[in-house]
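Numbering (the working numbering), first residue to last: 165 to 320.
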Amino acid sequence: MTAAAKPRPTDHTLNAKAYEGSCFCSAVQFTVSGEPAAMGYCHCESCRSWSAGPVNAFTLWKPEALQITRGADNIGTYNKTPRSYRKWCKTCGGHLFTEHPEWGLIDVYAAVIPDFPYQAGVHVHYQETKLRIKDGLPKMKDVPKEMGGSGASVAE
Ligand SMILES: [Zn+2]
Ligand SMILES: [Zn+2]
165 MTAAAKPRPT DHTLNAKAYE GSCFCSAVQF TVSGEPAAMG YCHCESCRSW SAGPVNAFTL
225 WKPEALQITR GADNIGTYNK TPRSYRKWCK TCGGHLFTEH PEWGLIDVYA AVIPDFPYQA
285 GVHVHYQETK LRIKDGLPKM KDVPKEMGGS GASVAE
């Protein structure tokens with residue numbers, strides 16, 4: 165590598181660590197790079213109904229952190245509300261992302277980026293939980309105030 169080709173220390177994009185992800189069948193592949201804005205578990209009824217799982221482990225990223233590297237035209241989208249555009253692989257049905265336009269963030273499900281060092285910081289929508297998780301992390305009734313919620317905490 166020549167000196168000129170080395171990443172500049174100030175260039176976040178070049179230095180950011182990238183993590184590979186894919187759907188269940190690998191028709192859709194992607195990377196996320198840098199650091200997520202937030203990580204945690206969502207206990208809301210919508211996540212539960214769509215995913216058919218009791219809890220959604222989320223990682224929220226700025227849209228530019230996500231690069232689709234294969235199968236972009238194989239991604240289906242459904243939005244029940246303008247708040248959440250849920251995306252999956254049209255071949256295997258595996259879930260991939262949920263775009264949240266109002267927040268300017270995209271949820272890349274922790275389960276589809278297995279090498280990413282996922283570390284939950286909070287539980288959200290805990291008032292709707294069907295699976296109490298006593299891990300000592302904060303339990304938000306809905307979501308933080310800065311994300312349009314009550315900001316209230318509830319008992320674990
Ligand atoms: Zn797939
Ligand atoms: Zn949810």
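We treat Cβ as the ideally placed atom computed from N, Cα and C, and that holds for glycine.
In the three-state reduction of the DSSP assignment, V276 falls in the helix class, which pools H, G and I.
Taking a contact to require three or more Cβ pairs closer than 8 Å, the region 232-246 and the region 267-274 do not qualify as touching. One thing to note: V286 has its Cβ no nearer than 8 Å to the Cβ of K305.
DSSP places C211 outside any beta strand (DSSP E); the residue lies instead in the alpha helix (DSSP H), whose first and last residues are 209-215. The Cβ atoms of A229 and V192 lie no closer than 8 Å to each other. Restricting attention to beta strand (DSSP E) runs no shorter than 3 residues, the region 210-254 encloses them at 220-225, 230-234, 239-245, 248-253, ordered along the chain.
The way I'd put it, the region 278-293 doesn't touch the region 234-251; fewer than three beta-carbon pairs between them come closer than 8 Å.
Counting only heavy atoms of ligand 2, the residues whose C-beta sits closer than 6 Å to one of them are, along the chain, C206, C208, S210, C211, N220, H289. When the five nearest sequence neighbours on each side are left out, the beta carbons in the same chain lying within less than 6 Å of the beta carbon of A202 are those of L224, in order along the chain.
Contact annotation: A216 and A274 have beta-carbon atoms that are not nearer than 8 Å.
Q291 sits in a helix when the DSSP states are folded into three classes. Closest option to C211, judged by alpha-carbon separation, among K298, G315, Y249: Y249.
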